[in-house]
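Residue numbers (UniProt numbering), protein chains in the order written: chain A, 1 to 278; chain B, 1 to 268; chain C, 1 to 396.
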Amino acid sequence: MHKHPRARLGALLFAPGLWLVVAYLGALAALLVTAFFTIDSFTGNVLYRFNLDNFHDMLTDAAYKNVFLRTLGIAVAVTVICTVIAIPMALFMAKVAHPKYRKILVALVLTPLWASYLVKIYAWRTMLEPGSGVIDWLLGPIGIHSPGFGGSAIILGLSYLWLPYMILPIYAGLDRLPNNLLDASSDLGAGNFHTFRRIVLPLIFPSIVAGSLFTFSLSLGDYITAQIIGGKLQLLGNVVYQNFSINLPFAATISFIPVSIMALYLWMVRRTGALADL
Amino acid sequence: MTISRGARYILASLMGVGLAFIYIPLSVVVINSFNSSKTFSWPPTQFTTQWWVKAAANEGVRSALRWSLLAGALATAVALVLGTALAFAVARYTFFGRDLISLLVVLPISLPGVVTGIALNSAFTKGLGMSTGLLTIVIGHATFCIVIVYNNAFARLKRMGSSLQEASMDLGANGITTFRLVTLPNLLSALVAGGLLAFGLSFDEIVVTTFTAGPGIQTLPVWIYNNLFRPNQAPIVNVVAAVLVLLSIVPIYLSQRLSQDSATGGRI
Amino acid sequence: MRNKRLFSKFAALSAAALILAGCGSSSDTATSGVPKVEMLKELGAGEGQVNIVAWAGYVENGSTDPKVDWVSDFEGETGCKVNVKVGATSDDMVSLMKSGEYDVVSASGDASLRLIYGGDVAPVNTDLIPNYADVFAGLKDQQWNSVDGVAYGVPHGRGANLLAYRTDIVKPAPTSWGSVFDENSPYKGKITAYDSPIYLADAALYLMKTQPDLGITYPYALDQKQFDAAVALLTAQKPLIGEYWGDYLKHVASLKSGGTVLGTTWQVNINLAQSEGTKVEGIKPVEGSTGWSDTWMISSKSKNPNCAYMWMDHIASPKANAAVAEWFGEAPSNAKACDITADPNFCTTYHAADEAYWTDVYYWNTPTEACLDGRTDVQCIPYSEWVKAWSSLRNS
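Printed below as a string of C-alpha cells:
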C-alpha cells in the first residue's frame, strides 16, 4: 500500500473500468445513437442515415405518451405498495420479533427471491384467472373477486415480485437503528406513531430509497409480467421488446425514456447515501 | 422496548398477512406440480406424480440446469474479481471520479433489463460481429452482478478500516502476504455472501439472457420461458419451479451462516 | 430554435462517434430487387453442426417428450449436431437470421420475403433435396417462397387461422368473422385476437368480403384508404378484446377457463383444449381465413451449408414431416407423409390434400410498397407501417 499507490490504483481500476465503461456504457451509447437512424421499410435493415423521425413519431403519437404515463403510474404504484407493505413487516422483524426468530423471518422473506421470476408470474395467472382462479375460489365467497388481467393485475404481480427487495433494505436500516434511540423518544413522551414519524422514518429513508430503486426501476422496464398477466395492456418494456426485432432504431428511441428517468433518479438519490445501502 | 402491546399485535398480524401474500402463490406452484391438468387450471381435479417422474427424466431440463450453473459460476467469478477490485479502489484511494463509481456500478442493475439486453445484443452481433454464446451470457450477467459484490466488499472494507493492513505492513509483510493473510480472511464472509446473491441473480436472470444466449444454449429460465407455453411441457415447468422453491432454502441457509454484516445475509 | 440546432448537432456528433467506434454501416441494402446470392451447387460432407431458428415444436430431439423425436436419427445419420433457437414471432425470426449466426429458419410467409429481399437467405438448389419432389404442388413456387421461379426454400406445412368458440357458451354457433367485430357482442371482454401486426390482414379479409366498395382483393395489399379502414375496424374491436394472444398455452388456458370464449385460433389449440375436456370448436368462417405456410430457408451467411441442406431434406421427408405436423397440429407438406401419420385420419382433419379447402385461405405474406395484388396505380402500405399502426393500436 505504501509503494506505487497510483500504479496499484490503476491496476485495481483497469479491469472493472474496461468492463463497465467500455463494454457496458459503450454498448448502451451505441444503442442510443441508433435512435437517430432509420430502417428499410421492407427488409427491416438499419439504414445509417441521420434523422429525427423516430423522435418525431414517439412524441407525436398519443399512444406512446399513454404507454409512458401508464408505465410510470404503475412503477410508482408498485413502489408505494411495496413500501407500505414492507415497513410494518421490517419493523416487526427488526424490533418486535424475538432475536432468535429474526433469521428465520429473514429467510422466509428471502426465499421467494430464489424462486423463478417466471414461475411466480405464472402462479399469479392461476391466482387471477377470472371466474376460475385461486382468488375467486378462495375469496369469492366473501365477496372479493379477481380484478382480471390488466393494469391491477400487473401492479399486483410486480408488487409481489419486488416486495423482498423493499423489505430487506428497510429491515437492514431498522436493524442498525439503536433501540435506545426509540427508548429515548418514548421517555420524552412521544407515542408510537410520533416516534415512528419523527425518528424512525427519517432515519430509514435512505433504505426506502434503496428499495425503491429496485421496485421502481424493475417495474419501469418490465415486459414479461405484462405479457403474462397484463391482458391487452402494454408497458414501455413491451414496446422496446417488440421493436427490437422489427425496428431497432425505434426501440432505441423508446429506450431513451426509461434510461433518462433512471439516470435522473439515480442522480437525485445519490446524495441520500441510498446507493451504498443496496 | 418502547413499542406498545397494541402496536406489536398489529405489526405481528401485518407480518402474517405479508407472509401469506408471499407464500400463497408459491404454494399454488407446488400444489400445481401435482395437478393432473396440463394447463394448471384451478382447483386441481386430480392428484398425480407423473410430472415429477417426467421432469426427472427430462434431458432438456438437465442440460439447461448445467448451462445455468456454468454461466452463474463464471459470472459470479468475474463479478467477484471486478467488484472486489473496485471496492478496494474506492475504499482505500482517493481519485478523480471516485464519487461516480457508486453510480456507475448500480447503473446496469437499475436500467431496464430489456434495454441492457438489446444494447449488448446489438453491440455483440452487429457492432463486433461476435457470436452470442456462453461468453456473451457471462459478460451480460457479470455486468449487473458486480454491484452486489462491490457493495458487500465495500461495506466490509469500510468497517475494517486500514489499520490492520498497516500493522501487517509495518511488521514487514509485503502487499501480497498482507492481502492473503490479513485482508482476505476478513473479507471472505462478505465475499461469499455477495457471491451467493450474485449467483442467485444470474441463475434467475431471463431478460438479458434472452438477448445474449446463442444457438444451442438454454439456461434454466430461458428453458422455462420457452416451455411455459408449450402444452406438454408446462406441467414439467411446474415441477422445476416447485423444486427451485424448495431448493432456495440451501443458499439462504448458507448465506445466513456466513454473513456478519447484517442478518439479511448480505446486501442485495 | 437554438435548442433544436444544438440537439441535432449533438446527435450528429454522437453518430460520428459511433461510426468511428466501428459500429458503422456494414450493409447498404438495395431497396428494390433481390440481392444476388449464390445457391449451393453440390452437397459436400457435413460440418458437424447446424444452427436452426424455428417455431416451438418444429425441432424436437426427445428432450420435450422422449417419444417426440425427429432430430436424434438425423444427428446419427449425418453427424450434424442440431442447435435450435425457438423464435417467438416472425419478427424475432427475421432478427435472428440477420445476426448471421443461424443456418436454417422455418419462416412463415410474413417473414420469408423480408429475408429474401434483405439478402439474408439464399436460393435453394432443390436438386440437392430429394424429398422436395414429394411436396404438394399447391405449396411449391408460391409468392412467399420463391421469386421469379427460383425457390428460396422447402415448404414445411400449413395451417389456417380459425375462429374458436366455446360451444357451451356461444350460441348460436358463429359462422362469420363478423362475430368478433360486433360492437354489441354479448361476449364483449371475452373475445381474443392474435397479437401481431399481421392480424391487420384478418380485418382486411373481413372488409374484403363485407365491404366490396373498398376494393380489397388481397388482404396483404392495402392502399392507404383500405389500410385505414382495417385499422379503424381493429380500433373499434379493441374494447371487445379481453386478451390478445401470442403464445398458445396462454390462449388455451383462457379458452378452458372461459376467460376467452370467441376469437382467432389455430387447430392445435382447439385439439389441446378439447383434450382437456373444454367444449370448444374451431371453424373456418364463411369469409375464409388467413393462414400460414411455413418454409425452411437457408441463410446466405450459413457456415454449415451442407448440414443445412441435409436438415431441409430430412424435415421434408415423409417420416419427419408427418411427425412434426402431428406434434404441432398442421397439414404436412409432403404428400407421402399422410400415409404414415400415427392418426390415420390426420391428413383429412387438417385438409392436407384438400386443395379446395385452401382456396380461401390467405397465407401470411409481407406487405410491400409495390402492391402484392398487382396494382400499379397506387402505393400499398409496407409492413413497417403495419408495425407502427399495430404498436400504436396496442399501446393506446
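For each residue, glycine too, the CB sits at the ideal point set by N, CA and C.
{"query": "Determine which residues of the stretch 231–258 of chain C have a Cβ less than 9 Å from any Cβ of chain A, and write them out in chain order.", "result": "K238, I241, G242, E243, Y244, G246, D247, K250, A253, S254, K256, S257 and G258"}
{"query": "Output the residue ranges of the alpha helix (DSSP H) runs that lie fully inside the stretch 93–180 of chain B and measure 4 residues or longer, sorted by chain position.", "result": "98–110, 113–121, 134–160, 163–170 and 175–178"}
{"query": "Going by beta-carbon coordinates alone, are N395(C) and Q227(A) separated by less than 8 Å?", "result": "no"}
{"query": "For a test of the three-state rule: what should DSSP assign to Y152(C), helix, strand or coil?", "result": "coil"}
{"query": "Along the chain, where does the beta strand (DSSP E) containing E243(C) start, and where does it finish?", "result": "I241 to W245"}
{"query": "Leaving out five residues on either side along the sequence, give the residues of the same chain with a beta carbon under 6 Å from the beta carbon of E330(C).", "result": "G157 and G159"}
{"query": "What's the gap between the Cα of A55(B) and the Cα of V61(B)?", "result": "7 Å"}
{"query": "Going along the chain, which residues of the stretch 368–393 of chain C sit with their C-beta nearer than 8 Å to a C-beta in chain A?", "result": "T368, E369, P382, Y383, S384, E385, V387, K388, S391, S392 and L393"}
{"query": "For K250(C) and V280(C), I'd like the C-alpha separation in whole angstroms.", "result": "15 Å"}
{"query": "Within the continuous beta strand (DSSP E) that includes N58(B), where are the two ends?", "result": "It is not in any beta strand (DSSP E) - N58(B) carries neither H nor E in the DSSP assignment."}
{"query": "Just confirm the distance between the C-beta atoms of Q379(C) and D228(C), as a whole number of angstroms; I'd bet it's less than 8 Å.", "result": "Not a contact, Cβ separation roughly 14 Å."}
{"query": "Along chain A, in chain order, which residues have C-beta atoms closer than 7 Å to that of P43(B)?", "result": "W137"}
{"query": "Going along chain B, which residues have a C-beta under 8 Å from N247(A)?", "result": "Result: empty, since nearest Cβ-Cβ is about 12 Å, beyond 8 Å."}
{"query": "DSSP three-state call for F227(C): helix, strand or coil?", "result": "helix"}
{"query": "Distance cutoff 8 Å, beta carbons only. Does T84(B) sit that close to anything in chain C?", "result": "no"}
{"query": "Which same chain residues end up closer than 6 Å to A15(A) when comparing Cβ atoms and leaving out the 5 residues on each side of it in sequence?", "result": "none"}
{"query": "Name, please, each residue of chain B whose Cβ falls closer than 7 Å to the Cβ of N192(A).", "result": "I3, S4 and A7"}
{"query": "Are the Cβ atoms of F124(B) and T143(B) separated by less than 8 Å?", "result": "no"}
{"query": "For the putative contact between P155(C) and S293(C), defined by C-beta atoms under 8 Å, what is the C-beta separation to the nearest angstrom?", "result": "7 Å"}
{"query": "So what does P186(C) bridge to, in DSSP terms?", "result": "Answer is none; P186(C) lacks a bridge partner."}
{"query": "Taking only the alpha-carbon atoms, compute the straight-line gap between S32(C) and G44(A) and give it to the nearest angstrom.", "result": "Reliability of the predicted coordinates at S32(C) is poor, the pLDDT of 45 falling under 50, and the value obtained from them is presented with this limitation in mind. Straight-line Cα distance between these residues: approximately 13 Å."}
{"query": "Applying a beta-carbon distance threshold of less than 9 Å, which residues of chain A neighbour G118(C)?", "result": "D40, F42, T43, G44 and N45"}
{"query": "The beta strand (DSSP E) spanning V86(C) covers which residue range?", "result": "K81 to V86"}
{"query": "If you run the structure through DSSP and keep just helix, strand and coil, what is G282(C)?", "result": "strand"}
{"query": "State buried or exposed for P206(A), treating a residue as buried only when at least 16 other CB atoms are found within 10 Å of its CB.", "result": "buried"}
{"query": "Check the Cβ of L234(B) against every Cβ in chain C and list those closer than 8 Å, keeping chain order.", "result": "The question names Leu, but residue 234(B) is Ala in the sequence shown. By Cβ distance, chain C contributes L249."}
{"query": "Let me confirm a value: M93(C) is counted as buried when at least 16 other C-beta atoms fall within 10 Å, else exposed. Which label applies?", "result": "buried"}
{"query": "Identify the residues that DSSP records as bridge partners of R257(B): which are they?", "result": "DSSP output for R257(B) lists no bridge partner at all."}
{"query": "By the 10 Å Cβ neighbour count, where 16 or more other Cβ atoms means buried, how is G140(B) classified, buried or exposed?", "result": "buried"}
{"query": "Bridge partners for Q49(C) per DSSP, in chain order?", "result": "K81(C)"}
{"query": "Secondary structure at N3(C), three-state DSSP: helix, strand or coil?", "result": "Per-residue confidence for N3(C) stands at a pLDDT of 44, beneath the threshold of 50, marking its modelled position as unreliable; no derived number is given."}
{"query": "Three or more C-beta pairs under 8 Å: does that hold for the stretch 172–187 of chain B against the stretch 94–111 of chain B?", "result": "no"}
{"query": "Could you list the residues in the stretch 49–76 of chain A with a C-beta less than 8 Å from some C-beta on chain C, going in chain order?", "result": "F50, L52, D57, D61, A62, A63, Y64, N66 and V67"}
{"query": "Go ahead and pull the three-state DSSP assignment for I191(C).", "result": "strand"}
{"query": "Give the straight-line distance between the Cα atoms of G117(B) and P221(B), rounded to the nearest whole angstrom.", "result": "15 Å"}
{"query": "So, does the CB of D72(C) fall closer than 8 Å to a CB anywhere in chain A?", "result": "First, the residue type needs correcting, since residue 72(C) is Ser and not Asp in the sequence shown. Output row for S72(C): interface = no."}
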